[in-house]
Every structure is written in structure tokens, then in C-alpha cells.
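In our numbering, the protein residues as written are 859 to 1374. I have placed the structure first, in the form of C-alpha cells, so that the comments after it can refer back to it.
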Amino acid sequence: MSNQDKYRLLEKKRQQALLGGGKERIDAQHKKGKLTARERIDILMDEGTFQELDALVEHRCHYMGMEKNRIPGDGVVTGYGKIGGRLTFIYAQDFTTFGGSLSKANSEKINKVMDLAIRQGAPVIGLNDSGGARIQEGVDSLAGYAEFFLRNVLASGVVPQITAVMGPCAGGAVYSPALTDFTLMVEETSYMFLTGPDVVKTVLAEEVSYEELGGAGVHASITGIAHFSCQDDVECLQTIRKLLSYLPQNNMEDPPILESEDDPQRMDMELDEVVPDSPTKPYDVREIISRIVDKDSFLEIHADYAQSMVVGFARFDGRVVGIIANQPAVLAGCLDCDSSIKGARLIRFCDAFNIPVLTLTDVPGFLPGTDQEHRGVIKQGAKFLYAYCECTVPKINIITRKAYGGAYAVMSNRHHRGDIVYAWPTAEIAVMGAQGAVNVLYRKELAKAKEPEKLRRKLVDKFTDKFCNPYIAAELGYVDEVIMPHQSRPMVIKALRMLEGKRDYNPPKKHGNPPL
Ligand code: HXC
């Protein structure tokens, strides 16, 4: 073979790899409203930066006629490139090739980029679109999955891991997205479940569609497994780019600092009007967030899940902060099973990746009731508490209104090594609200009273005056400063600057034992 023939052979193999499962299957992919693995990578990565690895890898299976059916690349496109100018590793399952199913050879490609990402200290993005374990390969495919899961766990807390589920993801395959830091799903074209509708029908005689069982809506609002639900592939890939802009490359680095055009001294006088005069009236905490952070910098995470808490990333004077905020507009901002897990997950991510945590507290307590108690609100709340206590990155809290009872002790506070606690004059920091306190403390007096309602009102007013304010906590030094709402932005920025070099450690241990 001449050199020219050899060069032509290489080109032929490259072209074959680029075509994946062929034009017909690419057309079928498009017909479903999905992009191919390569088209997705083109949108995700900075133009011209993607460098593929292992494009010529083929499977080694000799069963069921597979030996005659080999496609270079073997159902996954892997490599590295840049997103926002920063090194990022990627694997994108190619549904056009053997349904993107995971073979041993194809898992080795994924594991190679995972190993490189861990060693280089750069994020890994997975674009999932796969029929699961390569059926013809049997246990070899399962071995591939297991080795892949191991890397997800080893990479956890070392480099950010993001998975976008952009097609099928079923059976044990779901555990990779579940192990990563952030999961995105695409509406209508993606689903995730352990056992599909057919098995559900056989075992439980229950008819359910793919979307109803494990579509993007289900995971973004009910299970919380998806952090983002996106309308289509393009929105999903753009959301990954945006999300990455808030994250450091690895656990030894800080998130990128952007030049901010928003004045760090800016005071928004309308903040003084956000909390209503009546303590029982709701307001939308997003009003506060959007007014204190750098303009348009808030990226909400888990927007449709556990909505009595709002969480996300934002910037203050260009520096990234994780925000945990009770949402008085939903369930009065009560903590519950789901919001506890939602909050805990973001706090632990921030702690692992050097992102300060800002808490906005307005919480009347934990949501009461058998549903919550039986779902283990004790254990779920403990996860949230554990996350705050364990966290050693800068912790700033602004108590805007209620900080009652157990919820005060669970949320960010001075006693859990919180660094700075501000309270607005509207803050109410007490064991419980005035109504509840009066009912407990004056039960006998109220039972005997000739005019119990009149007495109750008097006692409630007295309790409110005495306890439902920030001043007892401020006298005790549990609140560092009572500030006007409009001062919040400059005060947070000042505190963040002061805390920039913060060092704090937990006692040496192999790892803690959070109440899973
Ligand atoms: C090998 C597979 C495959 C698989 C799909 N294909 N899944 N090949 N192993 N797991 C192939 C199909 O044979 C077909 O090949 C091509 O991919 C496209 O599949 P279609 O069925 O034509 O596509 P569609 O109609 O869109 O249906 C997609 C699907 C379906 C719903 C995902 O393919 C399906 O049900 N696949 C099997 C899913 C499954 O049970 N997987 C194992 C799960 S258990 P041709 O040549 O015709 O184009 C598991 C365990 C993991 O994954 C455990 C980890 C610990």
C-alpha cells in the first residue's frame, strides 16, 4: 500500500466515524427533534476547540453477528475542548450508533476522559442519549457501567460534573446522572427511569407514558433529580455553558471573577418596601435576590422543585455566591423534606468548590403534618443542618423576617460557624410565633378568661413587642448588625471581601456520616 493509499484509508475511517450510524439514522434522530452527538458538541464547545479522542475505537464483541457490525467510535463521541475559554472534557452518546448503548470499549472511552478530567482538574460534561447496556455484550457492558460509576464517585467534589439527559436513560444507567452535580433534561425527548412503562404495566397493571413516568417535567418538579428542564437541545446546551460560568475548574480553584458593571455600593430603596407590614403576608424572595445581586446574574437551580426554597448562583461585584433563600410566597417559606434536600445539595456543592453561601432567612418553621413526618422530615431536615454545619466556605446570612424555632437553629446562623449574620428591622427571631407561644404559655389563663379573644390579642401583642424583633439576638451578638434592607448589597459585598481569605477546617476524619 502506498503512502497515498494509507492517507486515504485514514480519511475513510475518519469519515466513517463522523457519520456514526449513517445518514438514515441521523435523519431519524432529527425527526425526533434531537440533534446528533457531534451537533451537540459543536453548540456546546467554543468554536473550533473540540479535540476528539478515540474516534476509531470499535467494540470487541463476537456474539449475535456483532463481529460483522462495527462502527468507528462505537456509539460515543469523547474528547476535550473549551467552554467560555476554559478546558472541559466531554462524552456525548451517539444514539445513531447501536442506539448509543454502552459497550465495554465505549465505556473505556468515557472512562479515559473522566480520568483525564480528574488529573487535569477540569469539569466533565456528559450528554446522555442511550438505550443502556449493550445487550449483545452482557456482563462486559455492566462492567463498563460499574467502572464509569466509580469514576463519577471519585470525581465527586474534585471536578464539577454535569449530565444532560437528551434521550433515553433507563435501568442502571440512570445512576451516572444521579451521581453528578447537576442534571439537565430536555422536555418531550428525554426520560429517565429504572423500570420502563412495559415493566410497570406487567408488574403493577399500571398504564403510564414515558413522559409521565420519567420525563423532564417529572424530574424537574417532583423528584428533583433534574436541576433544569429545557425546551430543546439548544436551550439545554446553552444552559450548560451558562452554568459552567459560575463554577471553578476544580476543588483547588475559585470560580472565575467577572468584571461587574453593577456598582458595589448600589442601594435599592425599593427593598425597604418588599417585606409587607403584616407578618402573615407573603412576598416573593426573588424580588430581594434580583435587587441585591449583580444585575441579571441570578441563575436559579431547581426552579420547579421544592418551591418553598429558592436556590441558585449569583454574582456580587463579579464574585460567585451560592444563594439559599426561604420563599415566603410558597407554603409561607416552610422547610420540608424536599426543600431541605434541595438546600443541602447546593450548600455541599458550594462547600466542595469554594463558593461562599449567602442565606436569606424568612422561615416560620418546618411544615407540620403526617405526610412530612412519615416521609422522614427529621432525617431530611438533618441533612440540611448537617450541610450548614459542615460547610467551611464563607457563610453570610440575612434574616429578612421570620427565624423561628428549629428552623432558626437549622438555617445558617452564628452557632454553626456562620461568619456574618445581618438582620433587617423586620426580623422576628424567637422560639415560635406569637400566636403559638401564647397558646402554649397561657393555655390555662385563656381557658378561664371571660373574654379569651381579647386576652389572647393582648398577650400576642405583648409577646410580639418583646420577642418578635431582631434586637434580643443583636444584644446577644447572634446578629452582627441590624441593617436597612436597602443596605444589603453593599453590606454583603463588604462581608465577602472581608471573608475572601477565610480558612476553616473540620476535625480530621475519613469522612463524616450525614443522615442519608
Ligand atoms: C444494543 C441497542 C440497545 C441496547 C437500542 N439499541 N438499545 N442495541 N443494546 N441496549 C439499538 C436498536 O437495536 C436499534 O438498532 C437502535 O439501537 C435504535 O433503537 P430503536 O429501538 O430503533 O430506537 P427507538 O425506537 O427510539 O427506541 C429506543 C429505546 C429502545 C426505547 C431505547 O431501543 C429500547 O428499548 N432499547 C433497549 C433498552 C434496554 O432495555 N436497555 C437495557 C436496559 S438495562 P438498529 O440497528 O435497528 O438501528 C441497562 C442496565 C444498565 O441498561 C446497568 C448498569 C449498572
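Backbone N, C-alpha and C fix where the C-beta goes; we use that ideal spot for every residue, glycine too.
Within 8 Å, strictly: CB atoms of LEU893 and ARG1099: no
Proximity of ALA1183 and ILE1159 at Cβ, strictly below 8 Å: no
Own chain partners of ALA1036 with C-beta closer than 8 Å, once the 5 adjacent residues on each side are dropped: Excluding sequence neighbours, ALA1036 sits near ILE1083.
Extent of the continuous alpha helix (DSSP H) run through GLN1293: 1292-1299
Those runs of the alpha helix (DSSP H) which lie wholly inside the segment 1265-1343 and span at least 4 residues: Positions of the alpha helix (DSSP H) runs, each at least 4 residues long and wholly inside the segment 1265-1343, are given as 1292-1299, 1301-1306, 1310-1325, 1329-1333 in order along the chain.
Beta carbon nearer than 5 Å to a non-hydrogen atom of the ligand HXC: PHE956, GLY957, SER959, GLY989, GLY990, ALA991, ARG992, ILE993, TYR1003, PRO1026, GLY1029, GLY1030, ALA1031
Nearest-angstrom beta carbon gap, ALA1187 and TYR1141 [assumed within contact, 8 Å]: 6 Å
Rounded Cβ spacing between VAL1179 and ILE1213 (contact assumed at less than 8 Å): 7 Å
GLN1096, buried or exposed, once every other Cβ within 10 Å from all chains shown has been counted against 16: exposed
Alpha-carbon to alpha-carbon, HIS917 and GLY996: Our two residues, GLY996 and HIS917, have alpha carbons roughly 13 Å apart in a direct line.
Three-state class that DSSP yields for TYR1363 in the structure shown: coil
Closest residue to SER1079 among TYR1163, ALA1332, GLU925, PHE1242 (Cα-Cα distance): When only C-alpha atoms are compared, the closest one is TYR1163.
Identified DSSP bridge partners for LYS1260: GLU1286
C-beta atoms of PRO1343 and ARG1259 nearer than 8 Å: no
Spatial distance of MET1024 from VAL1296 (CA atoms): 54 Å
Stretch-stretch touch, CB-based, cutoff 8 Å, three pairs: the segment 965-984 with the segment 943-952: yes
Beta strand (DSSP E) segment containing MET1050, residue limits: 1049-1051
For LEU1374 and LYS1352, the rounded distance between their alpha carbons: Cα to Cα, the separation comes out at about 36 Å.
From ALA1285, LEU1317, ALA1307, residue whose alpha carbon lies closest to that of LEU1299: LEU1317
Completely contained alpha helix (DSSP H) runs for the segment 999-1038, where each covers 4 or more residues: Complete alpha helix (DSSP H) runs here, min 4: 1033-1037.
Pairwise C-alpha distance: GLN1165 and ALA1332: Approximately 30 Å, taken between the alpha carbons.
Residue interval of the alpha helix (DSSP H) (run including LYS889): 881-889
Where MET1110 falls, given that 16 or more other Cβ within 10 Å makes a residue buried: MET1110 should be labelled exposed.
Residue-chain proximity (VAL1318, chain D), Cβ-Cβ < 8 Å: You won't find chain D in this structure, because it holds only one protein chain.
Contact set for CYS1208: own chain, Cβ-Cβ below 8 Å, skip 5 residues either direction: Within the same chain, CYS1208 has close Cβ partners GLY1180, PRO1214, VAL1215, CYS1249, VAL1251.
Same chain only: Cβ atoms within 8 Å of ILE884, ignoring 5 sequence neighbours per side: Only LEU877, GLY878, THR894, THR954 meet the Cβ criterion.
For ARG1347 and ASP962, the rounded distance between their alpha carbons: In the sequence as presented, Asp is not what sits at residue 962; that position holds Lys. Between LYS962 and ARG1347, the C-alpha separation is close to 52 Å.
Residues of its chain near LEU1000, where Cβ-Cβ distance is below 8 Å and the 5 sequence neighbours each way are ignored: Excluding residues up to 5 positions away in sequence, ALA991, GLY1030 lie with their Cβ nearer than 8 Å to the Cβ of LEU1000 in the same chain.
As assigned by DSSP and simplified to three states, the class of ASP1220: strand
Rounded straight-line distance, which links the Cα of ASP1194 to that of ARG896: CA-CA distance, ARG896 to ASP1194, rounds to 42 Å.
Sequence-distant residues of the same chain with beta carbon closer than 6 Å to VAL1058, five excluded per side: GLU1064, VAL1066
Residues of its chain near LEU1054, where Cβ-Cβ distance is below 6 Å and the 5 sequence neighbours each way are ignored: It should be pointed out that residue 1054 corresponds to Gly in this sequence rather than to Leu. Only ALA1028 meet the Cβ criterion.
Residue environment, ILE993, which counts as buried when at least 16 other CB atoms sit within 10 Å: Note on ILE993: under 16 other CB atoms within 10 angstroms of its CB, so exposed under the neighbour-count rule.
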